[in-house]
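Structure first, commentary second.
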Amino acid sequence: MCGIVGYIGAREAYPIIINGLRRLEYRGYDSAGIVLNYPGSNELIKTKGKVADLEEKSKGKQLNANIGIGHTRWATHGEPNDVNSHPHLSNDGRIMLVHNGIIENYEPLKIQLKEYGFTFESETDSEVLANLIQYFKSKENLSLTEAVRYALNEVVGAYAIAVMDNESSDEIVVARLGSPLAIGLGEDEFFIASDASPFVEFTKDAIYLEDGEMATITRGEEVIVRKIEGNEIVSPAIQELQIGLEQIEKGGYEHFMLKEINEQPKSILDTMRGRLLPEEGLIRMAGIWDHKEKFYNAKRIIIVACGTSWHAGLVGEYLIEEFARIPVEVEYASEFRYRNPIINKDDVVIAISQSGETADTLAALKLAKDKGAFIYGICNVVGSSIARLTDAGSFTHAGPEIGVASTKAFTAQLTVLTLIALKLGNHNGNLTTERYRSLCYELMNIPQLVEKALESNDIIKEIAAKYKDSENALYLGRGYNFPTALEGALKLKEISYIHAEGYPAAEMKHGPIALIDENMPVIVIAPKKGHYDKVVSNIQEIKSRKGKIIAVVTEGDVQVRDLADYVIEIPDCSEEFSPILATIPLQLLSYHIAVMRGANVDQPRNLAKSVTVE
Ligand code: G6P
């Protein structure tokens with residue numbers, strides 16, 4: 001939610017900030033803005049719309065300052081318009097601020113500031129914070145760092161902020177609580193960003209602020225990090241960035257989403273690399289092995305997640321219960337955190353999150369931790385808040401995922417969950433050595449089968465052209481592929497804005513069947529294994545009501561081919577691995593439909609990739 005970028009050094013700040021904002025647009029694209037800090041004055045440009053609109057608005061201006069901050073917004077308080085866009089200025093025009101997060105107590109603070117004579121232009125919580133900083137700065141004659149610290153001690157909520165004062169064009173103050181903030185350390189220059197992507201080509205060294213920390217970044221000096229509460233100076237860990245520029249560029253593809261769909265053979269292999277060693281008869285996962293007693297003694301495993309990651313969790317439930325026979329519950333993090341759940345010390349709570357920053361998942365995890373559960377993370381972003389909070393975890397190695405709709409992160413999550421389930425099942429004796437070995441060998445081959453599944457692109461394009469104007473779509477699957485149906489429907493609605501629902505195929509007759517007519521495309525996931533015969537019966541039921549059937553089938557299938565309007569073949573595999581393969585054509589189908597409808601595939605309306613507000 002919202003992206004922040006800043007620069008201080010010898011180069012021109014404007015191009016670095018604009019480029020950085022473009023890379024952070026996945027975090028929100030309701031509005032964009034930039035402010036450059038010249039001695040004694042500033043240049044503020046902001047606009048409703050995207051970074052491209054901001055660039056348009058900046059044309060013809062003299063923008064040569066070498067210090068500035070910028071923002072791309074996902075609106076929380078106040079509609080997306082020019083006035084509510086960031087950066088915000090304080091009443092005296094001196095304090096410049098960008099903010100990612102929510103100031104929950106902004107109303108009482110605003111009332112108080114109004115009593116002191118402050119006025120407000122926007123409806124945002126962030127403008128309140130800018131004025132609060134001005135208030136402390138002028139009333140107590142404080143340095144910018146101190147004024148920010150005083151103000152933040154009054155604030156309840158979540159934030160990552162970057163603040164400048166036009167009294168000094170040599171300093172930026174940043175702080176974080178609940179929203180991420182990274183500082184890139186160059187030679188005599190510093191970069192600030194919500195994640196490291198805006199500065200990967202300039203430096204590999206970064207400080208990730210911890211919750212409750214702030215930093216003073218002064219030209220030509222060391223970065224000073226301190227606690228917001230208590231003011232204690234801390235010495236920050238400098239991390240070496242693992243991502244390269246090529247990973248965050250489109251690499252010849254028209255959209256990031258298409259690139260990421262096509263990267264899946266590699267991202268799944270990367271996620272298995274060094275972990276799956278069938279020749280040696282083992283799966284190596286330090287996070288599980290070091291804490292195996294926790295898992296073996298667990299009376300149950302609770303998986304918490306949101307969105308696509310929640311769908312991965314549902315598949316995880318099937319896998320862990322099947323292979324390891326440990327009871328699993330899967331919860332929406334947003335429900336779990338507020339429903340006073342029963343959590344015991346011998347529960348293992350697994351959080352699944354691509355970004356590692358989702359506010360609800362983070363809060364659910366904190367709750368479980370407070371109640372004494374062992375908490376485990378499956379995250380894609382190294383150094384993320386969830387990854388740092390957990391007792392142990394396994395990273396998915398999908399690489400940066402930029403398209404807002406999750407694709408390669410999902411299949412990487414399924415891969416990690418499969419590895420965990422197999423490892424637990426092998427060690428607690430629920431899987432025979434023979435079955436375990438044969439599954440491991442088969443899993444090793446999955447990246448190649450994903451490669452094959454991608455070959456259906458042409459027929460999928462044809463299907464997309466046929467159904468692109470549908471207003472509704474139904475996705476059906478059973479067993480392991482019920483979550484696949486949910487994920488397929490989510491992908492379609494996210495990026496093409498077609499109303500789509502996923503259902504367990506057998507539940508169709510308890511409601512959705514009423515919707516079926518000759519205009520309703522029904523996408524049925526019907527691989528040969530599992531509950532094939534039952535799904536075939538469900539297909540018959542759709543056909544007799546004239547629904548249009550698009551079936552995802554195992555290659556060589558003839559029975560469903562006879563019934564369906566279209567079939568998309570996936571390679572044969574064990575039922576347990578079929579969600580990884582069956583999800584590929586569903587991703588492609590959504591992608592092509594969205595492109596044909598002229599939708600912005602990588603930045604669907606109203607969505608953001610990293611949801612750091614609840
Ligand atoms: C947002 C994204 C989804 C994602 C969900 C959970 O809604 O648009 O793609 O599945 O957040 O995100 P996480 O980073 O926790 O997996």
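Residues in the sequence shown are numbered from 1 upward in steps of one, following the numbering used here. Cβ coordinates follow ideal geometry from the N, Cα and C atoms, glycine included.
Proximal residues to LEU89 (C-beta, below 7 Å), its chain only, five neighbours per side dropped: The beta carbon of LEU89 is closer than 7 Å to those of LEU44, ILE95, MET96, ALA130 in its chain, skipping five residues each way along the sequence.
Check for me: the beta strand (DSSP E) holding ALA46 runs from which residue to which? The question names Ala, but residue 46 in the sequence shown is Lys. Note, LYS46: beta strand (DSSP E), 41-48.
Skipping 5 residues on each side, what residues in its chain have a beta carbon closer than 7 Å to that of ALA464? The answer, listed in chain order, is LEU589, HIS592, ILE593, MET596.
Report the option in SER438, ARG273, PRO585, TYR296 whose CA atom is closest to the CA atom of LEU492. PRO585
Measuring alpha carbon to alpha carbon, tell me which residue in VAL200, THR203, GLU171, GLU254 is nearest GLU222. GLU171
Taking DSSP as the reference, what is the three-state secondary structure of MET520? coil
Nearest to ALA373 by alpha carbon, out of THR308, PRO180, ALA298? ALA298
Evaluate GLY380 with the Cβ neighbour count: other Cβ atoms within 10 Å of its Cβ, from every protein chain shown; 16 or more gives buried, anything less gives exposed. Correcting the residue identity first, residue 380 is Asn in this sequence and not Gly. With 16 or more other Cβ atoms within 10 Å, it is buried.
Does the count of Cβ pairs from the segment 513-524 and the segment 469-480 closer than 8 Å reach three? yes
Using only the alpha-carbon positions, how far apart do LEU276 and LYS423 sit? 10 Å
For ARG149 versus ALA160, is the C-beta spacing smaller than 8 Å? no
CB contact flag (VAL404, TYR135, <8 Å): no
The beta strand (DSSP E) enclosing PRO108, as first and last residue numbers: That residue, PRO108, is in no beta strand (DSSP E); its alpha helix (DSSP H) goes 106-115.
Do GLU401 and GLU260 have their C-beta atoms within less than 8 Å of each other? yes
Exposed unless 16 or more other CB atoms sit within 10 angstroms - verdict on ARG337: Label assigned to ARG337: buried.
I need the DSSP call for MET444, collapsed to helix, strand or coil. Annotated three-state conformation of MET444 is helix, per DSSP.
Skipping 5 residues on each side, what residues in its chain have a beta carbon closer than 6 Å to that of ALA409? GLN354, ASN380, ALA398, GLU401
Within the present structure, is the beta-carbon of LEU607 separated from the nearest heavy atom of the ligand G6P by less than 7 Å? yes
Nearest-angstrom Cβ-Cβ length linking ILE525 and ASN457, presumed shorter than 8 Å: Not confirmed; about 18 Å, so no contact.
Buried or exposed for TYR14, going by 16 or more other Cβ atoms inside 10 Å? buried
Around the C-beta of ASN262, are 16 or more other C-beta atoms found within 10 angstroms, so that it is buried, or is it exposed? The residue is buried, with at least 16 neighbouring Cβ atoms inside 10 Å.
Which one of ASN81, ASN66, GLN62 has the shortest CA to CA distance from THR72? ASN81
Evaluate ALA10 with the Cβ neighbour count: other Cβ atoms within 10 Å of its Cβ, from every protein chain shown; 16 or more gives buried, anything less gives exposed. exposed
Which one of ALA351, GLU317, THR361, ILE350 has the shortest CA to CA distance from SER617? Residue 617 lies beyond the stretch modelled for the chain, which goes from 1 to 614, so this question has no answer here.
Bridge partners for ASP205 per DSSP, in chain order? GLU240
Give the secondary structure of GLU501 by DSSP, where H, G and I count as helix, E and B as strand, and everything else as coil. DSSP places GLU501 in strand when its eight states are reduced to three.
Straight-line CA distance for GLU229 to ALA162? Looking at the backbone, the Cα of GLU229 and that of ALA162 are separated by about 18 Å.
As an exercise, report each continuous beta strand (DSSP E) stretch of at least 3 residues that is fully enclosed by the segment 413-488, in chain order. 472-477
Based on the DSSP secondary-structure assignment, which residues constitute the bridge partners of ASN100? ALA160
Determine, using beta carbons only, whether LEU431 and VAL315 come nearer to each other than 8 Å. no
For THR390, three-class secondary structure by DSSP: coil
What whole-angstrom Cβ distance do ASP565 and LYS548 have, given they're in contact under 8 Å? 5 Å
Given the structure, does SER267 come close to the ligand G6P, in the sense that its CB is under 7 Å from one of the ligand's heavy atoms? no
Please list the segments of the alpha helix (DSSP H) lying wholly inside the segment 210-263, counting only runs of 4 or more residues, in order along the chain. 256-262
Where do the N-terminal and C-terminal ends of the alpha helix (DSSP H) with ASN538 fall, by residue? Where ASN538 is concerned, the enclosing alpha helix (DSSP H) stretches over 532-543.
Residues in the same chain with beta-carbon distance under 8 Å from MET444, minus the five sequence neighbours each way, listed in chain order, please. MET272, LEU276, PRO278
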